[in-house]
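Undergrad: Pasting a structure here, questions to come.
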Amino acid sequence: MSKYITAFISGLAIMLIFSCSAPVAEQNSGSVPAAPEVVVDLTVPPPGSNATQDKWDTFDEAKRQDSWNKYIEGLSASESETDEPAVEEEVVRTPGSGGGGGGGAMSVIPVITGELTKSTLEVYYYGLGELSAGREIRVKPQVTGTVASLYVSIGDIVETGDLLFSLDNNDLVKNIERTSEKWDKDLELAEIKLNDAQDNFETASSLFSKELISQAEVDNARKSWEEARLTYEKLQLSKTSELENLQENLRTTLAISPGRGVVSSLSFGAGDQVNNTDFVEIIDIETIMVTVPVPENIITRIKTGQKVYAKKASSPEYALEGVVSSSALKADSNRTYEVTALFENLNQKLLPGMLIEAQIQLVRLNSDFVIPKESLISEGSGYFIYRVKEDNTAEKVPVQTGSSRGGLIQIKGAVSEGDQLVLQGQSYLQSGMAVNVVETKEYLPERTEF
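In structure tokens form, the structure reads like this:
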């Protein structure tokens, strides 16, 4: 009986040993389970993405596919790390390759930052306008006549006082000569009479002193002398007046430039018969003027003296800065109002008739923190930014938004000037993540761009 009991106990022990060791063998000999298949759905963001569904809906297909590709690459990297022995070193990954990190390794996200800066924000109205000369002058003939000489041609630069053209004035010149000769003869006779009257008066005065003639005779001699002197002086004045009138008529046959400029147009040539409808046009292009039509909801916000930035549509690199010189008080047929601005055009690169792009300053907002709109992240009904702390970790900072212009927007919050604002890479960050600042750059433009 004891023999059977001993055999039963031995068999039971063998079964227990087999049942305990079998799972270990099965586990060691079995293969690693395959990774679950990833289903790419471009209508939703990949797991771990910081993009909300609303923000995801604004992405184009290429950007959505790129985000999913980075997510899949991150999964592949995580799987390959499980087969390698753990190494205690920092792993730097491209944004999206590891999300918040996994498998015991700490993810370091490369970012580009800029120093948070305060700046004024200017709001502009953008419009198109046509250039015209700062001043246009048309010099016309003052009398009808024939053009004797034309001293300028189109494109010539003239100065104040330059002679532009002259009309045939031979008849006027001859008339002046004849008139002058006539007055000279009259004055010559009057001078002879004046001299005779003076001699008679002197003789009478001498005889009266010797008591040879009476006082009445002396008085008569004095009166004759004074009358002869007055007659001579009147003739001199008459001659001067008539000759000045004739000289003025002669001047009407000469056209003089009233200012500096460029001859832009001529309506006649030498030898042509002209009247007061003909002209020489002179334009001032050192000062150029642009007229921009603006709608009725904008015109009330534009004042004389406000800044205007302009550039030529066909040559964007040539930009100018000017001021509003005037604005219309009455709308045209299109319900728009004309706003005129003046610019210095010292190099004369801009010419009348060219199309100009213009930005008219509407308001200059107070200085505040300004950031690129791309650095701002929405979360529900609020907004936040990321800044880099001294220990090279990302910090999420809630902010309130203000006015915006172009790609810039004002913010307020628990921020300070000089904070390292994350400009690129913020979409892959979470608060407390380690970052690698690969570049720090200025993000405010040096001048107005449009």
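Per mature numbering (1 follows the signal peptide of the UniProt record, and there is no 0): the sequence shown = residues -25 to -1, 1 to 425. No residue lacks a Cβ here, since even glycine has one placed at the ideal position from N, Cα and C. Quick caveat: nothing in here was measured; it's all calculated off a predicted structure.
Which whole-angstrom value describes the C-beta separation of V98 and V338, a residue pair presumed to lie in contact below a C-beta threshold of 8 Å?
TA: Contact holds; Cβ gap of about 5 Å.
Undergrad: Threshold first: 4 residues or longer. Then list the alpha helix (DSSP H) segments lying entirely within the stretch 260 to 345, N to C.
TA: List check, alpha helix (DSSP H) in window: 271 to 274.
Undergrad: The alpha helix (DSSP H) that contains R153, what's its start and end?
TA: Run containing R153: 145 to 184, per the alpha helix (DSSP H) assignment.
Undergrad: Quick one: Cα of S82 to Cα of V372, how far?
TA: When rounded, the distance between both Cα atoms is 21 Å.
Undergrad: Using alpha carbons as the reference points, say which of Y361, D394, E392 lies closest to A409.
TA: For A409, the nearest C-alpha among the options comes from Y361.
Undergrad: Could you tell me the alpha carbon to alpha carbon distance between N150 and I231, rounded to whole angstroms?
TA: Going by the C-alpha atoms only, they are around 23 Å apart.
Undergrad: Determine contact between the stretch 135 to 147 and the stretch 115 to 122, defined as no fewer than three beta-carbon pairs at a distance below 8 Å.
TA: Yes: at least three Cβ pairs fall under 8 Å.
Undergrad: Check each candidate in N309, S356, R235, F318 and name the one with the smallest Cα separation from G136.
TA: Residue R235 is the option with its Cα nearest to G136.
Undergrad: Could you spell out the range, first to last residue, of the alpha helix (DSSP H) harbouring N224?
TA: Looking at the DSSP string, the run of the alpha helix (DSSP H) that includes N224 is 190 to 226.
Undergrad: Does the beta-carbon distance from P21 to Y46 come in below 8 Å?
TA: Yes, the Cβ-Cβ distance between P21 and Y46 is below 8 Å.
Undergrad: Relative to the C-alpha of L106, which residue among V363, S378, G357, I331 is closest?
TA: That would be I331, whose Cα lies nearest to the Cα of L106.
Undergrad: Just verifying my parser: in three-state terms, what is the DSSP assignment at A123?
TA: Here A123 sits in strand by DSSP.
Undergrad: Go to K387, then tell me how far its beta strand (DSSP E) extends in each direction, as first and last residue.
TA: First-last of the beta strand (DSSP E) with K387: 383 to 388.
Undergrad: Taking 8 Å as the limit between beta carbons, can you name the residues of its chain near V148, skipping five residues before and five after?
TA: Here the set comprises L225.
Undergrad: Checking 8 Å against the spacing of the C-beta atoms, do W158 and N175 come in under that value?
TA: No, the Cβ-Cβ distance between W158 and N175 is not below 8 Å.
Undergrad: Given that a residue counts as buried once 16 or more other Cβ atoms are within 10 Å of its Cβ, and exposed if not, what is N144?
TA: Its Cβ being crowded by 16 or more others within 10 Å, N144 is buried.
Undergrad: Does Q40 pass the burial test, meaning 16 or more other C-beta atoms within 10 Å, or should it be called exposed?
TA: Looking at its Cβ environment, which holds fewer than 16 other Cβ atoms inside 10 Å, Q40 is exposed.
Undergrad: From T227, E365, T311, A196, pick the residue whose C-alpha is nearest to that of N272; which is it?
TA: Looking at the Cα atoms, T311 is the closest of the given residues.
Undergrad: Just verifying my parser: in three-state terms, what is the DSSP assignment at R235?
TA: Of the three classes helix, strand and coil, the one that applies to R235 here is coil, per DSSP.
Undergrad: When we look at the beta-carbon of Q395 and count the other beta-carbons within 10 Å, is it buried (16 or more) or exposed?
TA: With 16 or more Cβ atoms within 10 Å of its Cβ, Q395 is classed as buried.
Undergrad: Residues in the same chain with beta-carbon distance under 8 Å from G382, minus the five sequence neighbours each way, listed in chain order, please.
TA: Taken in chain order, the residues that qualify are P347, K348, E349.
Undergrad: Kindly list the residues whose CB is nearer than 7 Å to the CB of G357, restricted to its own chain and excluding five residues on each side of it in sequence; keep chain order.
TA: Closer than 7 Å at the Cβ level, and outside the excluded window around G357, lie P373.
Undergrad: Using the DSSP secondary-structure output, state which residues sit across from P85 in a beta bridge.
TA: Partner(s): N411.
Undergrad: Would V15 be called buried (16 or more neighbouring beta carbons within 10 Å of its own) or exposed?
TA: The residue in question, V15, is exposed, as its Cβ has fewer than 16 Cβ neighbours within 10 Å.
Undergrad: To the nearest angstrom, report how far apart L241 and F318 are at their CA atoms.
TA: Going from the Cα of L241 to the Cα of F318 covers about 26 Å.
Undergrad: Which whole-angstrom value is the C-beta distance of T88 and T415, which I expect to be below 8 Å?
TA: Contact holds; Cβ gap of about 5 Å.
Undergrad: Report the rounded CA-to-CA distance for G393 versus V412, giving the unit in angstroms.
TA: G393 and V412: Cα-Cα distance of roughly 15 Å.
Undergrad: Where S402 and A26 are concerned, what is the direct C-alpha to C-alpha distance, given to the nearest angstrom?
TA: Their backbone Cα atoms lie some 7 Å apart in a straight line.
Undergrad: Identify, in the order they occur along the chain, each residue of the same chain with its Cβ nearer than 7 Å to the Cβ of S406, setting aside the five sequence neighbours on each side.
TA: Hits under 7 Å: A369, E370, K371.
Undergrad: Nearest-angstrom Cα distance between T69 and V19?
TA: Interpretation of T69 is limited by its pLDDT of 46, a score under 50 that renders its predicted location unreliable; the figure taken from the coordinates is listed afterwards. The straight-line gap from Cα to Cα measures roughly 22 Å.
Undergrad: Where does the unbroken beta strand (DSSP E) through Q401 begin, and where does it stop?
TA: Here Q401 belongs to no beta strand (DSSP E), and DSSP marks it neither H nor E.
Undergrad: For K364, which of helix, strand or coil comes out of DSSP?
TA: Coil at K364, not helix or strand.
Undergrad: Suppose contacts are defined by Cβ-Cβ distances below 8 Å. Is G102 in contact with M264 by that definition?
TA: No, the pair does not count as a contact, with Cβ atoms beyond the cut-off.
Undergrad: Which class does E90 belong to by DSSP, given the choice of helix, strand or coil?
TA: In this structure, E90 counts as strand in the three-state DSSP scheme.
Undergrad: Using the rule of at least 16 other Cβ atoms within 10 Å of the residue's Cβ for burial, across every protein chain shown, is P116 buried or exposed?
TA: Buried: at least 16 other Cβ atoms inside 10 Å.
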